[in-house]
Structures are given as C-alpha cells and as structure tokens.
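Peer 1: Using this note's numbering, the letters of the sequence shown correspond one by one to residues 6 to 303.
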Amino acid sequence: MASMLANLPSVRGLLQEKVSLGRRCWFGSGGPAEVLFIPEDMDDLVGFLRNVRDDAKITVLGAMSNVLIRSNGIRGVVIILGDWFKKIFIENDILEVGAAVHCGELSAAAMDRELGGLEFLAGIPGTVGGAIKMNAGCHGLEIANALMECEAVTLTGQVKWFKISEMGFGYRTSKISDELIVTRAWFRGIPNADYSISKRVKELSSKRSSDQPTNAKTCGSTFKNPEGKKAWELIEAAGCRGMRFGGAAISDKHCNFIVNENNATPEDIETLGEKVIEKVLENSGVRLEWEVIRLGDR
Ligand SMILES: Cc1cc2nc3c(=O)[nH]c(=O)nc-3n(C[C@H](O)[C@H](O)[C@H](O)COP(=O)(O)OP(=O)(O)OC[C@H]3O[C@@H](n4cnc5c(N)ncnc54)[C@H](O)[C@@H]3O)c2cc1C
C-alpha cells in the first residue's frame with residue numbers, strides 16, 4: 006500500500022507513519038496514529054498546514070490525559086506540539102506560555118516568581134493547549150480564571166489571536182473548535198498574594214492524593230458533573246463503585262475515575278463507561294455525559 010507520507014508536505018520536524026500512542030496516553034492503552042507530526046517550530050507547523058491537502062484529517066493532542074483512543078487508532082495526521090512550544094517567558098505579572106507546557110510547569114513557574122492564582126493547575130496533568138480546549142479546572146477554579154488571551158493556528162495555517170471573551174468558556178468546554186490548534190497563551194498572575202503560594206500548592210496536592218487514584222492509569226474524571234449534581238455520587242448510588250469490565254475498573258478511591266487495572270483495552274474502558282451510563286440512568290434518570298474525549302475508529 007502507498008505510503009501516506011508521500012502525499013504530505015515536507016517538514017523539518019518529525020513526520021512518521023503508524024506510531025503507537027497507547028503508552029503515551031494516560032490510560033496506558035490506545036490505538037496508533039496513522040501519521041504523527043511533531044513540528045520543529047511555529048513556521049514548520051504553519052508551513053505544513055498551508056500545504057497539506059484540504060481533505061487531510063488532522064487531530065491535535067497534548068499530554069493525552071483526557072482522551073481515550075480506540076484500538077483502530079486515529080486516521081490522518083495527529084499533531085503533537087514539541088519542545089519549541091514548551092517555553093515560558095515572564096514579565097512582571099504576565100506569563101507567556103507555549104501550548105505544550107504542562108499545567109504543573111506553569112504553576113511552578115508562577116510560584117517561583119511569587120505570582121499567585123495558578124496554584125490549582127499544579128495537579129492537572131495536561132498541557133496548556135489541552136487545558137484551554139477543555140477549560141480544565143479544580144478546587145472551584147478553571148483555566149479561564151487566569152487566562153488573558155491565546156494564539157491559535159487554523160487547519161489552513163492562518164494564525165489568529167483570541168481574547169478571553171471570545172473563547173466561550175463553559176464547564177469543561179470552550180469554543181476552541183477542533184479546527185484550531187492553540188500554540189501560545191498569556192496568563193496574568195497575582196503579584197503580592199496575601200497567602201503562601203507554596204503552602205497552597207502543597208495543600209491542594211495532598212488533598213488530591215487523598216481523594217483520587219493519582220498513581221493509576223486513568224484520565225481523571227470520566228463524566229461531567231450534571232447541573233447541580235456530582236457524577237461520583239450518582240455512580241456510587243447506582244452501585245457502580247468497584248465495577249469491572251475486562252481489565253478496566255471503576256476506582257475504589259474515586260468512583261468517577263475509570264482505571265486501567267489490568268491491561269485494559271480501550272474497548273474495555275469504553276464499554277465499562279457505557280455500562281455505568283446505563284446503570285446511572287436506570288437508577289436516577291440522569292444521563293451522564295463523557296468528559297473523556299473518545300477518538301478514533303472502533
Ligand atoms: C490523574 C488525572 C487527573 C485529572 N484532573 C483533572 C482536574 O482536576 N481537572 C480537569 O479539568 N481535568 C483533569 N484531568 C483531565 C486532563 O488533565 C485535562 O482535561 C487536561 O486539560 C487535558 O490536557 P491534555 O494536554 O492532556 O489534552 P489531551 O487529553 O491530549 O486532549 C484533550 C482535548 O484537547 C485538545 N487539544 C489538546 N491540545 C490542544 C491544542 N494545543 N490546541 C487545541 N486543542 C488541543 C485535543 O484535541 C482533545 O480534544 C485529569 C486527568 C488525569 C489523568
């Protein structure tokens with residue numbers, strides 16, 4: 006069969022066919038990328054997008070801490086931003102951050118400069134790009150609370166800037182469409198915070214390790230909290246704590262977490278999730294909505 010690479014623009018970064026993503030995913034299980042592109046820098050990314058065929062299927066991924074990739078993998082080109090997108094510049098209270106920077110690194114950089122307001126990001130294992138797309142948050146705060154604007158590239162290679170008011174943030178959603186790749190973001194930290202930033206980071210991370218299976222192969226909260234309700238309470242009430250399918254299990258520690266306990270396939274994880282949705286619906290009349298994004302062919 007003809008190589009797909011022959012039909013793709015030439016690049017300076019990594020462009021490789023049939024790349025396994027399973028071990029890179031937080032679930033520790035998942036299908037391959039038909040092609041993986043890790044751009045060398047912004048020009049490489051923009052050049053690729055301007056020259057790739059209009060009908061090419063493109064998916065951007067970050068740390069893969071909120072995605073379940075089905076066994077047959079993702080068709081087309083998966084783009085993961087590389088080292089060039091991992092820079093942080095700080096001037097006064099403004100942090101300019103590449104989209105591949107991990108939320109924990111951003112939180113630590115702010116702490117080092119005694120800038121408050123970003124402590125809650127310490128325990129979120131995603132990248133800044135993924136966190137903006139998902140409006141990630143915890144402990145009553147979301148990325149939207151500290152973000153000012155972001156830069157993104159369209160799939161046709163146009164660079165655009167969005168103010169916070171244009172990003173349409175909601176609970177674990179944004180209007181950053183699948184046609185946009187976030188490349189950079191600007192955050193405002195709080196100078197002269199009237200509390201100890203490092204103490205707050207420590208408190209939040211110890212709360213997280215006591216409430217959640219932090220060392221497990223998981224993607225965090227599987228389902229969104231329905232309006233006015235907690236997903237974990239509905240799951241518990243439906244008798245799903247500890248439920249298993251194949252190698253996947255509902256965590257004993259936090260029943261909105263599915264964990265890959267014993268070589269679970271992506272289908273084990275998805276089937277277990279669907280069974281939980283059914284049981285919760287039967288028990289409470291509420292249909293849970295996946296927070297984890299399921300990608301690829303079954
Ligand atoms: C142990 C654990 C704990 C977690 N705790 C929390 C929590 O407290 N709060 C919370 O909100 N989430 C939590 N999560 C989920 C996850 O970390 C967040 O959703 C995170 O923001 C996802 O970022 P990512 O880089 O891993 O994105 P991915 O999982 O790689 O992708 C998620 C989505 O973002 C898109 N995306 C990724 N990068 C970009 C980009 N550069 N531009 C545009 N779109 C992009 C992808 O296409 C996909 O649609 C947790 C996950 C784990 C494993």
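Glycine included, each C-beta is placed from N, C-alpha and C at the ideal position.
(1) Since K23 and E45 should fall inside the 8 Å C-beta cutoff, what is the C-beta to C-beta distance between them, to a whole number of angstroms?
(2) Roughly how many angstroms lie between the CA atoms of V264 and K222, to the nearest whole one?
(3) Report yes if the C-beta distance between I298 and F32 is below 8 Å; otherwise report no.
(4) Give the secondary structure of G87 by DSSP, where H, G and I count as helix, E and B as strand, and everything else as coil.
(5) Return the chain-ordered ranges of every beta strand (DSSP E) run that is complete within the region 142-180 and spans a minimum of 3 residues.
(6) Can you list, in chain order, the residues of its chain whose CB lies under 6 Å from that of K62, leaving out five sequence neighbours each side?
(7) Report whether the distance from the Cβ of K138 to the nearest heavy atom of ligand 1 is below 7 Å.
(8) Thinking just about the alpha-carbon of each residue, which of N267, W166 and A190 is nearest to the one in F94?
(9) Does the beta carbon of I181 fall short of 7 Å from some heavy atom of ligand 1?
(10) With a cut-off of 8 Å, do at least 3 Cβ pairs link the region 128-145 to the region 175-188?
(11) May I ask you to check if the CB of G78 is nearer than 7 Å to at least one heavy atom of ligand 1?
(12) Are the beta-carbon atoms of S214 and F262 separated by less than 8 Å?
(13) Taking only heavy atoms of ligand 1 into account, decide whether any of them is closer than 7 Å to the Cβ of G175.
(14) How many angstroms separate the CA atom of N268 from the CA atom of Y200?
Peer 2: On the basis of the supplied data:
(1) The Cβ separation is near 21 Å, so there is no contact.
(2) Rounded to the nearest angstrom, the two C-alpha atoms are 6 Å apart.
(3) Result no, Cβ atoms of I298 and F32 do not sit closer than 8 Å.
(4) DSSP places G87 in coil when its eight states are reduced to three.
(5) If we require 3 residues or more, the beta strand (DSSP E) runs fully inside the region 142-180 come out as 152-159 and 164-168.
(6) Excluding sequence neighbours, K62 sits near R80 and G81.
(7) It does: the Cβ of K138 is within 7 Å (strictly closer) of some heavy atom of ligand 1.
(8) Closest in C-alpha terms to F94, from the list N267, W166 and A190, comes A190.
(9) True, at least one ligand heavy atom lies under 7 Å from that Cβ.
(10) Yes, the region 128-145 touches the region 175-188.
(11) Checking the Cβ of G78 against ligand 1 gives no.
(12) When the beta-carbon positions are compared, S214 and F262 stay at least 8 Å from each other.
(13) Using a cutoff of 7 Å, the CB of G175 does not count as near ligand 1, since none of the ligand's heavy atoms is closer than that.
(14) Using only the alpha carbons, I get a separation of about 44 Å.
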